Each structure stands twice: as C-alpha cells, then as structure tokens.
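Asker: Just dropping this structure here.
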Amino acid sequence: MKRLCSYLFFWRCAVEMNIENGEFEDWRGSKADPAKHGGVTASSIACVVEVLENMVFLSNATNFVEYFLKSMHYSAAESANMVTNFMGTSFLLTIFGGFVSDSFLTRFKTFIIFCTLELLGLILLTIQAQDSRLLPAINSKPSKTQEAILYTGLYAIAAGVGGVKAALPAHGADQLDHSNQRLVSSFFNWFFFSLCFGGLIASTVMIWIQENLGWNWGFKISVVTVSVALCIFSMGFPIYRYKRPGGSPLSRIFKVLASAIANRKASLPEAENTQIYGEKRNHDKFRFLNKALMGESVASTEVEETKTFIGLLPIFASTIMMNCCLAQLMTFSVQQGNIMNRSLNSFKIPTQSLSVFPISIMLASIPIYEYFVRMFRSKNNHHPGLLNMFQPLRRIGLGLALASGSMAAAAVVEAKRREAANDDVVLSVFWLVWQYLLLGVSDMLTLGGMLEFFYSEAPDTMRSMSTALSWCSTAMGYFISSVLVTISNSVSGHFGKEWLGGSDLNHTRLDLFYMLLCILNFINLLNYIFWARRY
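Taken in order, the sequence shown gives residues 47 to 581; the numbers are from the numbering used here.
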C-alpha cells in the first residue's frame, strides 16, 4: 500500500511539473491528451457562445435606453449617458476579468463565474421591471432603494460582460495547436464572425420583439439566452483542455520595474551577464529592464515577460483612434439616417436597425477573407514573403488605413446630404453604405488582427489580460470620441459657430468633424507604422 501511495505521489508530482512548464491539463488535473482534449470542436463552442452573449449585450444596450426613459423616468440625456457609461465600463472591466483569469482561475472557471454574475444582474433587472413596487410612480424619479437595485443589476451585468469577453476568446484559442498559426488566426476570424452574427440578431430579431411585444420581453429573452449560453459552454468541460493560472502578472511586472529602478546605476553588461537564460524574443528591446536581474528575486523569464507586455502597449495605443470612428456609427451616422429616406419599396427601415448595414458587411467580409487567404496560400505556399501580408500587424495597419478612408467618404457624403437638404431634396439612406462598407471591413481587419496579435504575442501567463486590450481599445475610443466632440465644439465656437451645436444636422458641420477624424486617423496610421516596424 505504501509503495502504491509513493508511486501515485511521484506520478502526481511529474504531472504537476509538466503543467507548471506550460502543459495543458484535462478536467481531472492530468496532462491533456491531444486526441481527446481541445481541437476545433472545443474551440467552436466558444464561437457559438459568443453569438448568444453578444446578442444579449447589444440588444440590452438598445433596450436600456427605453427602459430608463419610460420605466425609470430618467431624462433622455441621463438615459444616454447611463447606457454609454455601461458599455464603456463593460469593455474596461475586461482588463479586470483578464487579470483574474491569468492570475487566480482557469479561463473556464472565469467564464462560469462572470457569466453567472451577468445572469444574476439580468434576473435582478427583470424582477425590478416586472414588479411595480420596485419602479418609480408615474412622473416621479426613482427612490434611493430603486436606484440601488437598478445600478446593482446594471453593473453586475457590466462586470459579468467584462469577465466573459476577456476569458472566452482566450479559452477558445487555448483549445488549438499553437504550432499551427493559421488555425489560430482562422479561429479569431470566425470568433469575430460570431460576434457580428450576435449583433445582427440583436439589430433585427430583438429590435422587432421590443417594438412589437414590448421592451420587457427583451429582459426575459436575455435571461433565457444567457442561461442557454452558460449550459452550452459548461457541457464542453470534458473535452476542454485547461491551463493553470500563473499568479499575478502585474505583481511580477511591478517587481521587475522596481528592481530595474533600484539598480538603475548598474552597467548593462554587468546586469546582462548576471543571468541570461529562458525565452529571449525581446532581448534587444527595453534593455534597461535587464538591470532588474541584479536583484536576487527577479528571474530572466520575468524580465522577458515584462518586456513582451510593454512592447504590446504602443500597438494597443495606436488602435484607439480607429475606434473613435466606430463610435460614429452608433451616434452621428444614426442621426444622419434618421433624416434621410429610409424607405425600401413599401418597407421603412427602423432607425435602430441601421446598424444592420455595417454588421452585414462585416459578416460578409469574414468568409470572403478566409476564402481569399486559403486560395492565396495554396498558390503561393513556397513564397513565405508573400504569405507575410496576412500577418496580424499588416492586417491591423490596413484596417487603420481604411478607417481614415471611411471618414473621408463620410465627409463627402455628409457634404452632399447637406447640399441636397438645402435644395429640399432628401437623399437615400443607402448613401451611407460607403462609410459603412469601409469602416466595416476596417473593423474586421483591425479587431480580428488585434485579438490574434495580442493572444499570440502575449506571454503564456498573460494571454487573457493581453487579449482584453482589444476591448479596452474599443472603450477608450468611445470615451475619446466624446472628448473630441466637446473640444471641436469649444474650438469652433471661439471662431464663430460650433460644428456640432444644436440638434439639427442640416445646420451643423458634421462633414468638417468627419474630415478632422480622417486627418487624425491618418496621423495615427503613421504613428502605428513607426511602432509596428520597430516591433
């Protein structure tokens, strides 16, 4: 018996050593078998779940506006700000979700916990929406208790969404063979397709339900949908492969920075000869961090991890301006559509469904891109230089260039619309297709490239948090868009009339604002090229 126990103990220790060295494990804690665990089927579950999750997230973003206005009796401005803050907070909290996933829990457990939190928030809001005692009286503001319930449910959802969006794409990519980079790249493309497909359902089916059956049905369907998503994801646990969290990456980064500062007077040759082993893909970058090796508690692997993460930040910062353009699709482009001819024969396109245009373009671009890449690779398999054009950094760069072009097209279309409006002519809403087309393809290339790039280039112990940078870029783009509107109005107001003052677009200069975004995005493209060439 003692011999058997000793055998099991040493066998377990051997498994632990493999897992600690970066190996994946199965749900029992043993080393994962590639024939049984992971693979395309396991990663496909993440795509299916993303369709349901994003459908709920985007449909609620629309549903909340009406709920805050008609049931909670907030003003239009307050309701709009509450929804904007909710969406921005949801995306920013992906960093927290990624930190938890990398540091303390597996990505599977992170998804389960945060998805459950999102579900509880939805249930709380659904109960409040159905119980008149928890709603304010007619023409009355909500009480402190009613507001507490509202904000608890709202930000429970935001926190849940943050954790889900951080863990889900990284978990899906974990199921694939990382030596096959084309397979990983294809996964992120189809994950983006799933995200857009969920948005398409939210912009069509859910909008129809809310307009014809009432907004309260939106909450009920959301609760059921998230429950189904949670069940589908959980059912895959026997075939998933898991990677154990490696402790807090932020504490290791701070330790390296603190040690480098403490030993800043040491010479680089002395520091670099102290201990040089482990992965050294960044040994020529941020060499001043090598001084951290003079500290006895810092390992070379921790220095390389810090260098890698810091190296991702300029790429991340260079994508924020592109997301300022995306914010226009949710704001000014919708306002343009409201005052344009939305008739299609006898059918009038609902205002909330105008986002169907960019989403449909994004959906179509994914299979076309995948087909083009597959065909190109089959014909140029012996020319690796040509295949490099599909690398994530090049895709992101092309996406940023198209973003600048989309704003130029938007400026031209808006100038033409204003000129027609002055002649009492209403242009068709389909004139907006040009900016939707360019920006839709731009988003596909940029966000898909970012997800793949941050996952593939990140240290193994920071993949969830690094992937979350893609969503944080979106959040910061929305926030900076609001700042740019304020600054543009302030500066233009000093020289005459505010560009975006008033509520009538026929008396504003939205075309000049679009042109400003075009110029800023072009400058940002040059900045991106500088950092991408140095990466």
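A virtual CB, placed ideally from N, CA and C, is assigned to each residue, including glycine.
In this text, all values refer to a predicted model and were calculated from it rather than measured experimentally.
Classify Phe-568 as helix, strand or coil using the three-state DSSP reduction.
Answerer: Here the question's residue 568 lines up with position 522 in the sequence shown. The answer is helix: DSSP assigns Phe-568 an H, G or I state.
Asker: Give the straight-line distance between the Cα atoms of His-119 and Ile-405, rounded to the nearest whole angstrom.
Answerer: Stepping through the sequence shown from its first residue, residue 119 is reached at position 73. Stepping through the sequence shown from its first residue, residue 405 is reached at position 359. Those two C-alpha atoms are separated by around 32 Å.
Asker: Write down the C-beta distance between Leu-444 and Leu-484 rounded to the nearest angstrom, noting that I regard them as a contact closer than 8 Å.
Answerer: What you label residue 444 is simply residue 398 of the sequence shown in a count that begins at 1. What you label residue 484 is simply residue 438 of the sequence shown in a count that begins at 1. Not a contact, Cβ separation roughly 11 Å.
Asker: Go through its chain and collect everything with a Cβ distance to Thr-162's Cβ below 8 Å, but skip five positions before and after it.
Answerer: Residue mapping note: residue 162 aligns to position 116 of the sequence shown, counting from 1. Gly-206, Leu-276, listed in sequence order.
Asker: With burial defined as no fewer than 16 other Cβ atoms inside 10 Å of the residue's Cβ, what is the status of Ser-536: buried or exposed?
Answerer: Residue numbering aside, residue 536 sits at position 490 when the sequence shown is read from its first letter. Label assigned to Ser-536: exposed.
Asker: Go ahead and label Ser-488 buried or exposed: buried means 16 or more other beta carbons lie within 10 angstroms of its beta carbon, across all protein chains shown.
Answerer: To locate residue 488, count along the sequence shown from 1; it is residue 442. When all chains shown are included, Ser-488 counts as buried.
Asker: Report the three-state DSSP secondary structure of Tyr-288 (helix, strand or coil).
Answerer: Counting from 1 along the sequence shown, the entry for residue 288 is found at position 242. Strand.
Asker: If the criterion is Cβ atoms closer than 7 Å, does the pair Phe-233 and Leu-222 meet it?
Answerer: Within the sequence shown, numbered from 1, the residue matching residue 233 stands at position 187. Within the sequence shown, numbered from 1, the residue matching residue 222 stands at position 176. Yes, the pair counts as a contact, with Cβ atoms nearer than the cut-off.
Asker: Please state if the CB of Phe-157 and the CB of Leu-104 are separated by a distance shorter than 7 Å.
Answerer: In the sequence shown, counting from the first residue as 1, residue 104 sits at position 58. In the sequence shown, counting from the first residue as 1, residue 157 sits at position 111. Cβ atoms of Leu-104 and Phe-157: not closer than 7 Å.
Asker: Do you know offhand how far Val-402's Cα is from Arg-74's?
Answerer: Along the sequence shown, one-based indexing puts residue 402 at 356. Along the sequence shown, one-based indexing puts residue 74 at 28. Going by the C-alpha atoms only, they are around 44 Å apart.
Asker: Secondary structure at Asn-387, three-state DSSP: helix, strand or coil?
Answerer: Within the sequence shown, the letter at position 341 stands for residue 387. Residue state, collapsed to three classes: strand.
Asker: Rounded to whole angstroms, what's the CA-CA distance from Ala-454 to Phe-500? Just pull it up for me.
Answerer: Residue 454 sits at position 408 when you count from the first residue of the sequence shown. Residue 500 sits at position 454 when you count from the first residue of the sequence shown. Approximately 29 Å, taken between the alpha carbons.
Asker: What do you get for Phe-576, buried or exposed, if any count of 16 or more other CB atoms within 10 angstroms of its CB means buried?
Answerer: Looking up residue 576 in the sequence shown gives position 530. The residue in question, Phe-576, is exposed, as its Cβ has fewer than 16 Cβ neighbours within 10 Å.
Asker: Is there a Cβ from chain D that is less than 7 Å from the Cβ of Thr-492?
Answerer: No chain D appears in the structure shown, which is made up of a single protein chain.
Asker: Among residues of its own chain, excluding the 5 on either side of Val-95, which ones have a beta-carbon nearer than 7 Å to its beta-carbon?
Answerer: The residue you call residue 95 lines up with position 49 of the sequence shown. The residues are Leu-214, Ala-275, Ile-278, Phe-279.
Asker: Output the distance between the C-alpha atoms of Val-146 and Pro-291, rounded to the nearest integer angstrom.
Answerer: Stepping through the sequence shown from its first residue, residue 146 is reached at position 100. Stepping through the sequence shown from its first residue, residue 291 is reached at position 245. Near 9 Å, if we compare the C-alpha coordinates of Pro-291 and Val-146.
Asker: Give the DSSP-derived three-state secondary structure of Glu-164 in the structure shown.
Answerer: By one-based count along the sequence shown, residue 164 stands at place 118. In this structure, Glu-164 counts as helix in the three-state DSSP scheme.
Asker: Give me the Cα-Cα distance between Thr-532 and Glu-544, rounded to the nearest whole angstrom.
Answerer: Numbered from 1 along the sequence shown, position 486 holds the residue referred to as residue 532. Numbered from 1 along the sequence shown, position 498 holds the residue referred to as residue 544. Their Cα atoms are separated by approximately 10 Å.
Asker: Output the distance between the C-alpha atoms of Met-496 and Glu-503, rounded to the nearest integer angstrom.
Answerer: Here residue 496 refers to the residue found at position 450 when the sequence shown is read from its first residue. Here residue 503 refers to the residue found at position 457 when the sequence shown is read from its first residue. The straight-line gap from Cα to Cα measures roughly 10 Å.
Asker: Looking only at DSSP bridge pairs, what is Lys-211 linked to?
Answerer: Reading the sequence shown from its first residue, position 165 is the one you call residue 211. Answer by DSSP bridge pairing: none, since Lys-211 is not bridged.
Asker: Does DSSP put Glu-69 in a helix, in a strand, or in coil?
Answerer: Here residue 69 refers to the residue found at position 23 when the sequence shown is read from its first residue. It is coil, neither helix nor strand.
Asker: When the Cα atoms are used, what is the spatial distance from Glu-71 to Pro-284?
Answerer: Indexing the sequence shown from 1 puts residue 71 at position 25. Indexing the sequence shown from 1 puts residue 284 at position 238. Each residue's Cα considered, the two are about 11 Å apart.
Asker: Pick out whichever of Ile-247, Leu-566, Phe-334 has its Cα sitting closest to the Cα of Thr-352.
Answerer: One-based indexing of the sequence shown puts residue 352 at position 306. Per the Cα distances, Phe-334.
Asker: Quick one: Cα of Lys-211 to Cα of Thr-152, how far?
Answerer: Within the sequence shown, residue 211 is the residue found at index 165, counting from 1. Within the sequence shown, residue 152 is the residue found at index 106, counting from 1. Near 14 Å, if we compare the C-alpha coordinates of Thr-152 and Lys-211.
Asker: By DSSP, does Lys-543 sit in helix, in strand, or in coil?
Answerer: Counted from its first residue, the sequence shown places residue 543 at position 497. Note: Lys-543 maps to coil in three-state DSSP.
Asker: Assess contact between the stretch 104-118 and the stretch 249-262, defined as three or more Cβ pairs (one per stretch) separated by less than 8 Å. Is contact present?
Answerer: Result yes; three or more Cβ-Cβ pairs closer than 8 Å.
Asker: Leaving out five residues before and five after Ala-78 in sequence, what residues of the same chain have Cβ atoms less than 8 Å from its Cβ?
Answerer: Taking the sequence shown and counting its residues from 1, one reaches residue 78 at position 32. If we look at Ala-78 and ignore the five residues flanking it on each side, its Cβ neighbours are Glu-69, Phe-70, Glu-71, Asp-72, Gly-84, Arg-287, Tyr-288.
Asker: Along the chain, where does the alpha helix (DSSP H) containing Arg-440 start, and where does it finish?
Answerer: For the purposes of this step, residue 440 is taken as residue 394 along the sequence shown, with counting starting at 1. Segment 438-468, the alpha helix (DSSP H) holding Arg-440.
Asker: If I measure Cβ to Cβ from Gln-192 and keep anything under 8 Å in the same chain, skipping five residues before and after, which residues do I get?
Answerer: Mapped onto the sequence shown, residue 192 falls at position 146. Excluding sequence neighbours, Gln-192 sits near Met-118, Gln-174, Leu-180, Leu-181, Pro-182.
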